Ligand code: DGL
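Numbering (the working numbering), first residue to last: 172 to 475.
This is the structure:
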C-alpha cells in the first residue's frame with residue numbers, strides 16, 4: 172500500500188493537547204503532526220456550544236488548507252460539543268476523545284467519575300456515551316473551571332491547587348467511584364495532585380491513550396499510515412503569543428519548540444452570521460437546550 176505522508180492535525184485550546192501528542196509520539200512515531208493551540212481564545216470550557224463549534228470550524232478549515240490527512244481533537248470540550256456536527260463537513264476523518272475514553276472507563280469500573288470542563292460536564296457527553304456502551308454503569312461528571320487556568324498559568328505546584336482539586340474530587344470520592352476519567356486533556360498535567368487525593372483504589376483513565384489507539388485503527392483501516400523515512404518533527408502553531416506557548420510547553424516537551432502564530436479572519440457581521448450559519452448550528456442549539464437541564468447541577472448522574 173502506498174504510504175500517505177501528509178501530516179495529522181491535532182488541536183486543543185492550549186497545552187492540554189500535549190498529553191495527546193505525547194501518546195502520538197510514543198505509539199505513532201512515523202507520523203508527522205501539525206499541532207494547533209487556540210491560545211487566544213482559551214479557555215474553551217466556559218464558552219457556549221455555538222462559540223466552540225465556530226472555533227472548531229476555523230481550526231478545521233485552516234487544517235484543510237494545510238492538507239492534513241486526518242484531524243484529531245485533542246480537546247474534550249470540542250469532542251463533546253462539535254465532533255458529531257463537523258465530522259460530516261470535511262473531506263478527511265475527524266476523531267475525538269469521548270468514545271475512546273468512555274469505552275476504556277466502563278471496561279475498568281462501574282462507578283465512574285469524570286472531571287471535565289464545565290462545558291463538557293454539562294453536555295453530559297461522557298455519561299451518554301458510557302450509558303450507550305454499558306447501561307449499568309453509574310457516572311458522575313464534575314465541572315472543574317479552575318483547572319485549565321491553573322495549568323495554563325503554570326500554577327500546578329501551588330499549595331492552593333491541591334485545595335482546589337480536593338474540592339472538585341471530594342463529591343466523587345463520596346460516591347465511592349472506582350474509576351476516574353480525565354475528561355479534559357489539560358488534567359493529566361495535574362495527575363500528581365489528583366493521585367495524592369484519590370489514592371490507589373481509584374483507576375485513572377487518560378482518554379488520550381485510547382484515542383491514540385483508535386487513531387492507529389483508523390489509519391490501518393483507511394490505509395493512511397506514513398512511511399518512517401518521511402517523518403518530520405511536530406510543527407507548532409498558536410492563535411495567541413508564540414513565546415508564551417513555547418515557554419510553557421517546554422516543561423512537557425523537554426525542549427523549547429519553534430512556534431508560529433496563526434490569525435483567523437474576523438467573524439462576519441452579525442446579520443450575515445444569522446443567514447449563513449442558521450441550518451448548520453441547529454444541532455448545537457439542541458445541545459444548548461440539553462445543557463440547560465444540567466445548569467444547576469454540578470454533579471450529573473447518568474442514572475438520575
Ligand atoms: N483541553 C481542552 C479539553 O480537553 C480544553 C480546555 C479549555 O480550554 O477549557 O476540554
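Backbone N, C-alpha and C fix where the C-beta goes; we use that ideal spot for every residue, glycine too.
Fair warning: this is a prediction, and the values are worked out from it, not measured in the lab.
Please state if the CB of residue j and the CB of residue i are separated by a distance shorter than 8 angstroms.
i           : j           : result
residue 190 : residue 360 : yes
residue 376 : residue 291 : no
residue 188 : residue 199 : no
residue 139 : residue 251 : Since the first residue shown for the chain is 172 and the last is 475, residue 139 is missing from the structure and cannot be characterised.
residue 276 : residue 244 : no
residue 402 : residue 249 : no
residue 216 : residue 332 : no
residue 319 : residue 357 : yes
residue 246 : residue 184 : yes
Can you give me the Cβ contacts of residue i inside the same chain, cut-off strictly under 8 angstroms, excluding the 5 residues immediately before and after it?
i           : result
residue 443 : In this predicted model, residue 443 has a pLDDT of only 45, less than 50, meaning its place in the structure is not dependable; the value taken from the coordinates is given anyway. There are no such residues.
residue 233 : 207, 433, 435
residue 372 : 349
With H, G and I counted as helix, E and B as strand and the rest as coil, what does DSSP make of residue i?
i           : result
residue 408 : strand
residue 436 : coil
residue 248 : helix
residue 347 : coil
residue 219 : coil
residue 229 : helix
residue 182 : strand
residue 173 : coil
residue 387 : helix
residue 266 : strand
residue 242 : strand
residue 549 : The structure shown does not extend to residue 549, since the chain is modelled only from 172 through 475, so no value can be given for it.
residue 260 : coil
residue 446 : Note that residue 446 has pLDDT 38, beneath the 50 cutoff, so the model's placement of it is unreliable and the number below is only indicative. In the structure shown, residue 446 sits in a helix (DSSP, three-state: H, G or I).
residue 399 : helix
Ignore the nearest five residues each way along the sequence and tell me which others in residue i's own chain have a CB closer than 6 angstroms to its CB.
i           : result
residue 412 : none
residue 315 : 286, 339
residue 172 : 394
residue 303 : none
residue 399 : 201
residue 281 : 308
Residues in the same chain with beta-carbon distance under 7 angstroms from residue i, minus the five sequence neighbours each way, listed in chain order, please.
i           : result
residue 390 : 396
residue 388 : none
Per DSSP, which residues does residue i bridge with? Please list them.
i           : result
residue 331 : Paired residue(s): none; residue 331 is not in a bridge.
residue 287 : 314, 354
residue 205 : 180, 406
residue 326 : Answer is none; residue 326 lacks a bridge partner.
residue 375 : 351
residue 430 : 407
residue 341 : DSSP lists no partner for residue 341.
residue 212 : Paired residues: none, contrary to the question.
residue 309 : 282
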